[in-house]
Amino acid sequence: MTSAARVLVVGPCEGTARWRRLADLELLRARTAVDAIGEAAQAADEGEPVAAVILGRVNLDRDDRDSLEESLNRFAPGAVMVDEANADAALARLIGAADEPEPSAPACDPEPVEPRPEPGGAPDDESPAEALLEGRDPARAVLESARRRLGDPTIAWSPRDAEGRAPGVPVARRGVVFGGLTSERTAPAALAPIAEELALWLALAEQHRQLRRAAFTDSLTGARNRRWFDYALPRALDRARRERRDVTVMVFDIDDFKSYNDRFGHAAGDEILSETVRLLMSVIRPSDRVCRIGGDEFAVIFDDPSGPRVGAGHHPRAIADIAERFQRQICEHHFPKLGEEAPGTLTISGGLATFPWDGATPEALLDRADALALESKRAGKNVLTYGPGARQACGVDAEPHS
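Residues in the sequence shown are numbered from 217 upward in steps of one, following the working numbering.
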């Protein structure tokens, strides 16, 4: 076996500790069905999809289980899904299959993994399932298959217009019209089964998008969640390393948030968190991302692929201007549930660290930003502290900014 098989455990399981001791397995954990879909999606994106899914003590009715199985199969085709009672036998079969001797091969370096095609670069013979797994629209695959099967290159599909109308044979499922199919040669009756198939795949693609959005989005604020942050930051740094440019991470929290939550109630606390994200989203650049990584703790990935390269001139204080403008907005904002006391009372404290100077790995960069945020707290709160690399990248002086 060349690498450990990935097994996704959903919900509490008594066998987790026992399975973790098996060297041939890598366990992934998920608390809920939505979490499981997110973990499976991330594993597939990393090129190492899960081989098995174990359902522990989670509340799933038959329909929920079928929906989960359908979704997981898109990210991990061929993976087995079993209940905890049948897990040991399934894992034994999995390990046994993985340990079967492979055909002998010449002694050489391992063959490199073929990169996944970029969106828009799909092969002509790609199946709808393959397109969906790669994050592409399955419509092209369905149409190419139909054109080959019927010998009709004129079969075309048009999405519905703003008023919900589309030409030709309707592509619809359960009352939702996606568009229409047309052809210069094929009769509408022959197009109808193709339209039905296309509607099914488009509905699955939409469900796929919704599940991914739910798995990577904080439901209260609409910001990206910690899972997305942990997934995205390493990739942002990899791109920056290849392109010789910087990436800045800002970590901040709301000063004395617990006291506001206790005094004004959880509804007010929720409003503070949601308004904080809304204000921040109003000042960041299109390429930047806001993430809620804890209770009242947030992180921003300042990543501008079109920005200057390392060693070139930087946009003067662009990131610093964004951060400090947001800091002022929080202080001046009127939060309705806090009444007239709000303006001038809420503040944030944060730290900014920049790759590669303040940290060359995701863990080091986040740790540095966290440490700088703690320095801001110790400096009296309502402070932003920049690491040496961030000061260089953002063009600020060495003093904390309040």
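Here a beta-carbon is modelled for each residue, glycine too, at the ideal position from N, C-alpha and C. A quick note: this is a predicted structure, and the numbers were derived from the prediction, not measured.
Cβ shell of residue i (< 7 Å), same chain only, five flanking positions each side left out
i: A257; result: F291, R428 and A431
i: A388; result: F394 and A415
i: E255; result: L224, L244 and A246
i: E342; result: A357
i: C229; result: I270, G272 and E300
i: I538; result: V499 and I500
i: W573; result: P604, G605 and Q608
i: F445; result: C507, I509 and A515
i: L276; result: A249 and L284
i: T402; result: L366, D368 and I371
Contacts around residue i, its chain only, beta-carbon distance under 6 Å, and the 5 residues preceding and following it disregarded
i: Q545; result: L495
i: R234; result: none
i: M297; result: V269 and E285
i: T570; result: D462, T464, G605, A606 and A609
i: A372; result: T398
i: L581; result: V465, A569, F571 and G575
i: I535; result: T464, F518 and C610
i: A411; result: V385, V387 and L397
i: E316; result: Unreliable positioning characterises E316 in this predicted model, as indicated by a pLDDT of 40, which lies under 50. A coordinate reading is not provided.
i: D434; result: N441 and R508
i: A419; result: R389
i: A362; result: I371 and I410
i: E400; result: T370
Buried or exposed (CB count within 10 angstroms, at least 16 for buried), residue i
i: H424; result: buried
i: G227; result: buried
i: V269; result: buried
i: E360; result: buried
i: V392; result: exposed
i: R451; result: exposed
i: A301; result: exposed
i: T370; result: exposed
i: L565; result: Strictly speaking, residue 565 in this sequence is Ser, with Leu absent from that position. Under this definition S565 is a buried residue.
i: N441; result: buried
i: G367; result: exposed
i: P344; result: buried
i: T577; result: exposed
i: N477; result: buried
i: G603; result: buried
i: A408; result: exposed
i: G511; result: exposed
i: S202; result: No statement about residue 202 is possible, as the shown extent of the chain runs from 217 to 618 and does not include it.
i: P354; result: buried
i: A589; result: buried
i: G481; result: exposed
i: R365; result: exposed
i: R443; result: buried
i: D454; result: exposed
i: A378; result: exposed
i: A405; result: exposed
i: A421; result: buried
i: R352; result: buried
Own chain, CB closer than 8 Å to residue i, minus 5 neighbours either side, in chain order
i: A259; result: R222, L224, L244, P265, V266, F291 and A292
i: D583; result: G575
i: L349; result: A260, R290, F291 and P293
i: L238; result: L307 and I311
i: F514; result: A439, V467, F468, D469, T492, V493, L496, V506, C507 and R508
i: A220; result: A239, D240, L241 and E242
Nearest-angstrom Cβ-Cβ length linking residue i and residue j, presumed shorter than 8 Å
i: L436; j: S490; result: 6 Å
i: A308; j: V467; result: In fact, because the Cβ distance is near 44 Å, the residues do not count as touching under 8 Å.
i: D304; j: G231; result: 7 Å
i: S503; j: D486; result: The pair is not a contact, with the Cβ atoms about 28 Å apart (cut-off 8 Å).
i: G380; j: L397; result: Actually they do not touch by this definition, with Cβ atoms about 16 Å apart.
i: A382; j: R376; result: 4 Å
i: D472; j: N598; result: About 10 Å separates the two Cβ atoms, so there is no contact after all.
i: E540; j: L600; result: 7 Å
i: E591; j: G567; result: 7 Å
i: A484; j: K593; result: That pair is no contact at about 22 Å.
i: V274; j: A295; result: Not quite, the Cβ-Cβ distance comes to about 17 Å (not below 8 Å), so this is no contact.
i: I488; j: F542; result: That belief does not hold up - the Cβ atoms of I488 and F542 are roughly 14 Å apart, past 8 Å.
Beta-ladder partner(s) of residue i, from DSSP
i: W373; result: L397
i: T464; result: F518 and T570
i: L271; result: V226 and D299
i: T433; result: R440
i: R245; result: V225
i: Y447; result: Y447 pairs with nothing; no bridge assigned.
i: T601; result: G567
i: D469; result: E513 and S565
Neighbour flag for residue i against chain C, beta carbons, 7 Å
i: H482; result: The structure shown contains no chain C; it holds only a single protein chain.
(message) So within the region 511 to 598, which uninterrupted beta strand (DSSP E) runs reach at least 3 residues, ignoring any that extend past its ends?
(response) With a minimum length of 3 residues, the continuous beta strand (DSSP E) runs that stay inside the region 511 to 598 are 513 to 518 and 564 to 571.
(message) For a minimum of 3 consecutive residues, which ranges assigned as the beta strand (DSSP E) are wholly contained in the region 379 to 424?
(response) Entirely contained in the region 379 to 424, the beta strand (DSSP E) runs reaching 3 residues are, in chain order, 385 to 389 and 392 to 398.
(message) Just to confirm the assignment: which complete beta strand (DSSP E) runs, minimum length 3, are found wholly within the region 482 to 513?
(response) Listed in chain order, the beta strand (DSSP E) elements of length 3 or more contained wholly in the region 482 to 513 are 505 to 508.
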